[in-house]
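Peer 1: Mind having a look at this structure? Questions to follow.
Structure representation (structure tokens):
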């Protein structure tokens, strides 16, 4: 009887120790669960940060794409404006050239008209002079028919002098007209030379403008290609930074997952060892109780039934402590 009480006291002491150990294990389990929840929060936070980084990267890519499209549109509009201005200048030059050609044709027409008028005036003056000479001759013949030969000679000299003066006047008029024609021809030649030089200068300016435009287009194309190359390089660098950050996050998550799995495996292994130890101690304790009951000639059938039902349940607080059924039978046995 004393041995049974001693065994029960030892069992109760062990139960207290096991409960304390179980409380410690439960505290460890709560801490591990709390650590798991914290890791889950960290994982969710990392996922959210990764999502935010991806959204920010996509936003930056969208802004960069919009900026590139705007730059392309501005360059195209600038090129179109340049072509439009060039076409407008060419049309204005063509209009000026047509106006100059029209002025030249008008000048030639007016010159021809003036020449024809001069010729007609000269012919009229010649006819008038002939008629005047005929009329004067007839008058002189009529008036001097009765005069002497001397008077006729004097009149003839007077007429000859008058005719000579008229011829001199006519010659002077012809010289003035020739000089005027020469001046007009010289002016026309100077105008033609001026137009030729102006056309040469315009052709030179157009060629220089075309060369400048071609060089400007080449420089613009080269600058655009350089900017595109820099943009592509910047994209590659940004993508590389993003990839490195994502790879680093993935590696950190893998390391955290490995640590978590290792901790869980260690905890499961420790728990399995504790359960195995509790089961072994329960078997030893039950065997000692049954042996003590047999020595005291007590009924061991309920103890054996409880022993069979208690196997696998464990001895400590993790599995619920000693089987309640086996414990109640032990108390019944001690009372009886």
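In the working numbering, the protein residues as written are 400 to 735. Glycine included, every Cβ here is placed at the ideal spot set by N, Cα and C.
Within 10 Å of its beta-carbon, does residue 593 have 16 or more other beta-carbons around it, so buried, or fewer, so exposed?
Peer 2: Taking all protein chains shown into account, residue 593 has fewer than 16 neighbouring C-beta atoms within 10 Å of its C-beta and is therefore exposed.
Peer 1: Using the three-state DSSP reduction, which class does residue 545 fall into: helix, strand or coil?
Peer 2: coil
Peer 1: Please name the residue, chosen from 415, 422, 470 and 461, that lies closest to residue 627 on a Cα-to-Cα basis.
Peer 2: 470
Peer 1: Taking the C-alpha atoms as reference points, what is the distance between residue 447 and residue 459?
Peer 2: 18 Å
Peer 1: Can you list, in chain order, the residues of its chain whose CB lies under 6 Å from that of residue 699, leaving out five sequence neighbours each side?
Peer 2: 689, 692 and 693
Peer 1: Using the three-state DSSP reduction, which class does residue 698 fall into: helix, strand or coil?
Peer 2: coil
Peer 1: Please report how far the alpha carbon of residue 660 lies from the alpha carbon of residue 431, in whole angstroms.
Peer 2: Straight-line Cα distance between these residues: approximately 12 Å.
Peer 1: For residue 442 versus residue 652, is the C-beta distance shorter than 8 Å?
Peer 2: Cβ distance < 8 Å, so residue 442 and residue 652 count as in contact.
Peer 1: Inspect the CB distances between the segment 406-418 and the segment 607-622 and report whether three or more fall short of 8 Å.
Peer 2: no
Peer 1: Can you say whether residue 417 is buried or exposed, counting buried as having 16 or more other CB atoms within 10 angstroms of its CB?
Peer 2: buried
Peer 1: Go through the segment 629-663 residue by residue and report every complete run of the alpha helix (DSSP H) that reaches 4 residues or more, in order.
Peer 2: Taking only runs of at least 4 residues, no alpha helix (DSSP H) segment lies wholly in the segment 629-663.
Peer 1: What does the alpha-carbon distance come out to for the pair residue 678 and residue 671?
Peer 2: Residue 678 and residue 671 have their C-alpha atoms spaced approximately 10 Å apart.
Peer 1: To the nearest angstrom, how far is it from the Cα of residue 733 to the Cα of residue 680?
Peer 2: Residue placement at residue 733 is flagged as unreliable, the pLDDT there being 48, under the threshold of 50; a coordinate-derived value is accordingly withheld.
Peer 1: Identify, in the order they occur along the chain, each residue of the same chain with its Cβ nearer than 6 Å to the Cβ of residue 630, setting aside the five sequence neighbours on each side.
Peer 2: Once the five neighbours on either side are set aside, residue 630 has no close Cβ partner at all.
Peer 1: DSSP three-state label for residue 487, please.
Peer 2: helix
Peer 1: Let me know if residue 685 comes out buried or exposed under the rule of 16 or more other beta-carbons within 10 Å of its beta-carbon.
Peer 2: buried
Peer 1: Should residue 640 go down as buried or exposed, given a rule of 16 or more other Cβ atoms within 10 Å for buried?
Peer 2: exposed
Peer 1: With a threshold of 8 Å on Cβ separation, who are the neighbours of residue 474 within its own chain once the five nearest residues in sequence on each side are excluded?
Peer 2: 619 and 623
Peer 1: To the nearest angstrom, how far is it from the Cα of residue 650 to the Cα of residue 656?
Peer 2: 10 Å
Peer 1: Do you know how far the Cα of residue 515 is from the Cα of residue 522?
Peer 2: 10 Å
Peer 1: What runs of the beta strand (DSSP E), each 3 residues or longer, lie entirely inside the segment 497-528?
Peer 2: Runs of the beta strand (DSSP E) inside the segment 497-528: none found.
Peer 1: When the distance is taken between beta carbons, is residue 687 closer than 8 Å to residue 404?
Peer 2: Taking C-beta atoms as the reference points, residue 404 and residue 687 fail to come closer than 8 Å.
Peer 1: Would you report the Cα separation of residue 482 and residue 492, rounded to the nearest angstrom?
Peer 2: 15 Å
Peer 1: How about residue 519: is its C-beta nearer than 8 Å to some C-beta of chain B?
Peer 2: The structure shown contains no chain B; it is built from a single protein chain.
Peer 1: For my contact list, residue 648 and residue 445 are in at a C-beta cut-off of 8 Å; report their separation, rounded to the angstrom.
Peer 2: 6 Å
Peer 1: How big is the Cα-Cα spacing for residue 435 and residue 654?
Peer 2: The straight-line gap from Cα to Cα measures roughly 14 Å.
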